[in-house]
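Heads up: the sequence shown runs through residues 0 to 378, numbered per numbering that gives the first Met the number 0. All residues carry an ideal CB built from backbone N, CA and C; glycine is no exception. Report on one structure; see the data block that follows.
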Amino acid sequence: MEIFAKEDKNGLRTLALAVNNKFLGIASFVDPLKETAFSALNLAKRLNLEIKILTGDSLNVARAVGLKLGLIEENEKVVLGEEIRNLPDAEFEKVVKETKIFARVLPEDKLRIIETLQKEKFVGFLGEGINDAPALKIANVALAVDNATDVVKQEADIILKEKDLKTIVDGIYQGRKVLENIGKYIKHTMSDNFGNLTSVAILTSILPFVPMTPLQVLLTNFLTDIPLIAFANDNVEIKEIKKPIKMSSYHLVLLLLGLGVVAGAINILGYLIVKNQTVEVIRTYIFLLTTMTGLLVSFLIRTKNWFFLSKPGKFFIIASGVGFILTLIFIFIPPFNSIFEFSSLNQKLLILSVVLMLFFILGTEIVKKIFYQKFPDVI
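Structural data, given as structure tokens:
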């Protein structure tokens, strides 16, 4: 028994071997950690994911795994199932919040731990044995490995081809990235369209002619949509997805109204600059401002931080550059300018357009920062 206790203290599982009731010896073995476990835990911490181990193994075996993995420190306690089994709810909840590893737990212990966590958390649970079935049944996301028992696989929402924590954490990471990039597309499209619609509607009501021809409207929509194709693979900073992102229609409308007002105001200011010019010049200038704000806003809304502190993806930079270059080609180079009824713009108007873009960037950044300071978890 001393050998069993010694091996258990070293974090090893032990088996006594015998043939025909004749004792042969003791086999000690360890279930080695996957190399990917360490990077998975590191990524989980960066994503603000809380990982807990609920195991039927002994306290020493569970503790050894936790220490080797870096999940716990030397001074952190591993709690036995029998220590919490009869605790009242308030004390039980306190222990569950503070403890990362539970050893010698029974199926009912796992069930109660998950129910407690679900009061404040969204809980995923990975199991493989029959004893995990009750916990899997109530988990928000039930995960099982491919070689798990049939009962467990029936309760699972997701079945993993291999038992690897990194697969789960990477899945969460990629899911948050995709949602963040979808949010960029929605914010760009809606804010740009709202700003253009508002300014064009106002200008149409005060001008004896339409501020842009139908062909020019189609062209600006085409040019400003070019960067959108790159959003799918755009870079996403880890701090942008440290928490699950909420997709709230109400908050999204508030943000888009603010961004749209800034874009619309720039277009109207542009008209006031050229109001005494010819119809062709006015339309060309409004087209230039509308297209430039549409291209710039894709850079500004792709991050909650100041835009110059976030590095966009290479493909996104190329796509945006193509949009800017094509805009200048269509305005200034024959025969495109004549096809779309554009007029040449003098140096003064071009300089003023740059100034207006600087005001647009400043206004958009201010609206964005105010919004995300108040609603940091909204997409």
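- Contact annotation, Phe101 with Val122: C-beta distance approximately 14 Å; criterion of less than 8 Å not satisfied.
- A check of alpha carbon separations from Lys310 across Ser248, Ser198, Phe230 identifies Phe230 as the nearest.
- The region 29 to 41 makes contact with the region 157 to 169: 3 or more CB pairs, one atom from each, lie closer than 8 Å.
- DSSP places Ala61 in the uninterrupted alpha helix (DSSP H) bounded by 58 to 68.
- Rounded to whole angstroms, Leu348 and Phe358 show a C-alpha spacing of 15 Å.
- Counting along the chain, Phe28 sits inside the beta strand (DSSP E) bounded by residues 21 to 28.
- Under a 10 Å Cβ-count criterion, Gly126 is classified as buried, with 16 or more other Cβ atoms of the shown protein chains found around its own Cβ.
- Counting only the Cα atoms, Ser297 lies some 11 Å from Ile228.
- By a beta-carbon distance limit of 8 Å, Gly322 contacts Leu222. Their separation comes to about 5 Å.
- Residue pairing for Ile157: DSSP places it in a beta bridge opposite Leu142.
- Going by C-alpha positions, His187 is about 40 Å away from Glu154.
- Val78 sits in a strand when the DSSP states are folded into three classes.
- Using a 10 angstroms sphere on the CB of Met246, the tally of other CB atoms stays under 16, which defines it as exposed.
- With respect to the C-alpha of Lys118, the residue from Met356, Val377, Ile317, Asp88 having the closest C-alpha is Asp88.
- Shown here, Phe315 sits in a helix according to DSSP, grouped into three states.
- Excluding five sequence positions before and after Ile71, the CB atoms of its chain that fall closer than 8 Å to its own CB belong to Arg62, Gly65, Val77, Lys99, Ile100, given in chain order.
- DSSP places Lys245 within a strand segment (E or B) once states are collapsed to three.
- The three-state reading of DSSP puts Phe341 in coil, since its state is none of H, G, I, E or B.
- Here the alpha carbons of Gly293 and Asp191 stand approximately 6 Å from one another.
- Take Met356, set aside five residues on each side of it, and the residues of its chain with a beta-carbon closer than 7 Å to its own are Met291, Leu295, in chain order.
- Judged by DSSP in its simplified three-state form, Arg12 adopts strand.
- Counted as a single uninterrupted DSSP element, the alpha helix (DSSP H) harbouring Ile365 occupies residues 346 to 373.
- Going by C-alpha positions, Phe22 is about 24 Å away from Val60.
- Contact between the region 207 to 220 and the region 278 to 285 is present, with at least three C-beta pairs closer than 8 Å.
- DSSP, reduced to helix, strand and coil, places Phe124 within a strand of the structure shown.
- Within 10 angstroms of the beta-carbon of Asn85 lie fewer than 16 other beta-carbons, which makes it exposed.
- Minimum Cα-Cα distance from Ile317 among the listed residues Phe335, Asp233, Asn304, Leu271 corresponds to Asp233.
- Each residue's CA atom was taken as its position, placing Ile265 and Val273 some 13 Å apart.
- In the structure shown, Ala17 falls within a strand segment according to DSSP collapsed to helix, strand and coil.
- Under DSSP, Ile100 takes part in a beta bridge, and its partners are Ile52.
- Per DSSP, the beta bridge partners of Val377 are Lys245.
- Of the candidates Val260, Asn146, Val151, Asn146 places its Cα closest to the Cα of Lys160.
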